[in-house]
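These notes are about the structure you will find just below.
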Amino acid sequence: MSRVSMLATALLAMFVPWVSHAASAMSVPFSPTSPRAGSSDITCPSAGTPVIELTVTSRYGSDGPQRDTEDAAAEAEQDAQMAPVRAYARNVVAAANRYTRRGHLADADCALALLHAWAGANALTHPTNANAEFERGSTLAALGLAWLQIAPAVKDDPRASVVLSWMHGLASASAQYFDSTSGLRGSRNNHLYWATLGTASVAVATGDQALLDGTARVYRDAVCGATPEGALPLEVGRGKKALSYHLFALDALVPLAAILQANHVDAIHACDGALQRVVNFSLTSIHDPSTMAKLAGKPQEAFPGGAPNNGRLAFIELYHRWFPGRAPGESDLLARRPFVSTNMGGDQTLLYSR
91 MSRVSMLATA LLAMFVPWVS HAASAMSVPF SPTSPRAGSS DITCPSAGTP VIELTVTSRY
151 GSDGPQRDTE DAAAEAEQDA QMAPVRAYAR NVVAAANRYT RRGHLADADC ALALLHAWAG
211 ANALTHPTNA NAEFERGSTL AALGLAWLQI APAVKDDPRA SVVLSWMHGL ASASAQYFDS
271 TSGLRGSRNN HLYWATLGTA SVAVATGDQA LLDGTARVYR DAVCGATPEG ALPLEVGRGK
331 KALSYHLFAL DALVPLAAIL QANHVDAIHA CDGALQRVVN FSLTSIHDPS TMAKLAGKPQ
391 EAFPGGAPNN GRLAFIELYH RWFPGRAPGE SDLLARRPFV STNMGGDQTL LYSR
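So for the sequence shown, our numbering puts the first residue at 91; every next one is plus one.
Okay, structure coming up:
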């Protein structure tokens, strides 16, 4: 952690009363599944070839500063670059979800074997550009949250230390990158929130309080910077995609809040309920985007099929857990269960509605 991050963490602990270190044990934000004997009826997939050096093209190509218009060729190039990483993360998270659902040791062992394969190869340790850093951060969120699910079954396995050391290295490097590039817009918006979700999950997995403290600072800066309406200024700057990026940001901020909430940080009530303002404004804007459009300076892009997909609304499961009946359109949203997002740890309904 840089001197700037260390100073910020120290100041946070001194002057922000919603952070408490009354207890040192780290907790996960969902009910852990106890292991029991049982074989898996699904063959554990191959880990594939570990991706060590990662280069990622922006899907917006050379689009202007708002980056709100995809470039078809650039999008295809990014999809090809990220395909092995995304497939790997999906397989890890799917195995972790199977373990969470039924507690079979074989499922946890599958997830561990996949993680160990990439850990042993020092995968994802050489991102070559900013977009690679962004993608590494969100991928780490998937892997870290998968680990937290299987930890009760595999924490004493000799491979665990290799995996945890690898993930901690990725988290530390990611935090350092975003800290050192904080003057750049892309290092302060949703990219930062996703990377911070990954860092927070690894902080809990490894018991690194200093690392977790840094994630609390990022969370507070994000939600407390919301406008009175509940808009996130950096996401408003995404032009016609402002609404889409508000939802995308919430998919990272809400589980980050859950990790902090589980570890003595009252994140969900910070800054007079700033998170609630952001959620209410974002969900209301799905059906009436006029205020969002006015703030963004552009009409909002219509969602395919007329509504966001379930992955873009996956934060609602956790939010409902904290504030039942409070989210605009909640009953219609919950009728769409289950909510699944790989980078949020998979099946949110499985994790948070039990």
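Idealized CB from N, CA, C, for every residue including glycine.
Buried or exposed: where does residue i fall if 16 or more other Cβ atoms within 10 Å of its Cβ makes it buried?
i	result
L340	buried
S264	buried
I240	buried
E143	exposed
Q390	buried
D422	exposed
S148	buried
R278	buried
L322	buried
H377	exposed
A300	exposed
R126	exposed
A100	Unreliable placement is indicated for A100, whose pLDDT of 40 sits below 50; the coordinate value is still reported in the next sentence. Exposed, by the Cβ-count rule.
Q266	exposed
G273	exposed
G329	buried
D362	exposed
A392	exposed
N219	exposed
P248	exposed
S375	buried
A170	exposed
D303	buried
G320	buried
Q438	buried
L298	According to the sequence as given, residue 298 is Asp; it is not Leu. Buried.
Just list the residues that DSSP pairs residue i with in beta bridges.
i	result
D437	V430
H54	Lying outside 91 to 444, the shown extent of the chain, residue 54 is not represented and no answer is given.
L424	Partner(s): none; L424 has no beta bridge.
P217	L144
CB-CB under 7 Å to residue i, same chain, minus the five flanking residues each way: which ones, in chain order?
i	result
D337	The residue asked about is misnamed: residue 337 is Leu in this sequence, not Asp. Around L337: S372, P398, R402, L403.
V369	L340, Y409, A417
V183	A232, A236, T432, G435, G436
A213	P140, V141, I142
G227	S264, H281, W284, A285, G288
R347	Just to set this straight, residue 347 is Ala in the shown sequence, not Arg. Same-chain partners within the cutoff: Y309, A357, I358, L365.
E325	N279, N280, A332, Y335, H336, A339
M172	V146, E225
Y442	F120, E407, L408, R411
Once you ignore the five residues that flank residue i on each side, which residues in its own chain have a CB closer than 6 Å to its CB?
i	result
E420	none
P174	G138, V141
E167	T147
T305	T286, T289, A290
A209	V252, V253, W256
A186	A201, A236, Q239, I240
V222	According to the sequence as given, residue 222 is Ala; it is not Val. Once the five neighbours on either side are set aside, the close Cβ partners of A222 are L144, T145, V146.
What do you reckon, is the C-beta of residue i under 8 Å from a heavy atom of the ligand NAD?
i	result
L233	By its list of ligands, the structure shown contains no ligand whatsoever, and the ligand NAD lies outside what it can speak to.
Report all residues from its chain with a CB closer than 8 Å to the CB of residue i; omit the five preceding and five following residues, and keep chain order.
i	result
Y150	R157, D158, T159, E160, D161, A164
L440	N187, T190, R191, P428
Contact between the segment 217-234 and the segment 152-167 (3+ Cβ pairs under 8 Å) = Contact between the segment 217-234 and the segment 152-167 is absent: fewer than three C-beta pairs spanning the two stretches fall below 8 Å.
Spell out a yes or no on whether the segment 268-286 and the segment 244-254 are touching, meaning 3 or more CB-CB pairs, one atom from each, closer than 8 Å.
-> As far as the Cβ criterion goes, the segment 268-286 does not touch the segment 244-254, which means the pair count is below three.
Are the segment 368-384 and the segment 348-356 in contact at 8 Å, needing three or more beta carbon pairs?
-> A contact is defined here as three or more CB-CB pairs under 8 Å, and the segment 368-384 fails this definition with respect to the segment 348-356.
Quick one: which unbroken beta strand (DSSP E) runs of 3-plus residues sit fully inside the segment 288-317? Chain order, please.
-> The segment 288-317 contains no whole beta strand (DSSP E) run of 3 or more residues.
Three or more C-beta pairs closer than 8 Å, one from the segment 125-140 and one from the segment 190-200: is that the case here?
-> Touching, yes, given that three or more Cβ pairs across the two stretches are closer than 8 Å.
Which ranges would you report for the beta strand (DSSP E) in the segment 165-194 if only whole runs of at least 3 residues count?
-> DSSP runs (the beta strand (DSSP E)) wholly in the segment 165-194: none.
Where are the alpha helix (DSSP H) runs, 4 residues long or more, that stay fully inside the segment 322-410, in chain order?
-> As far as the segment 322-410 is concerned, its whole alpha helix (DSSP H) runs of at least 4 residues are 323-326, 332-351, 360-377, 380-386.
Taking the runs of the alpha helix (DSSP H) that are 4 residues or longer, which of them lie wholly in the segment 227-272?
-> The segment 227-272 contains these whole alpha helix (DSSP H) runs: 248-270.
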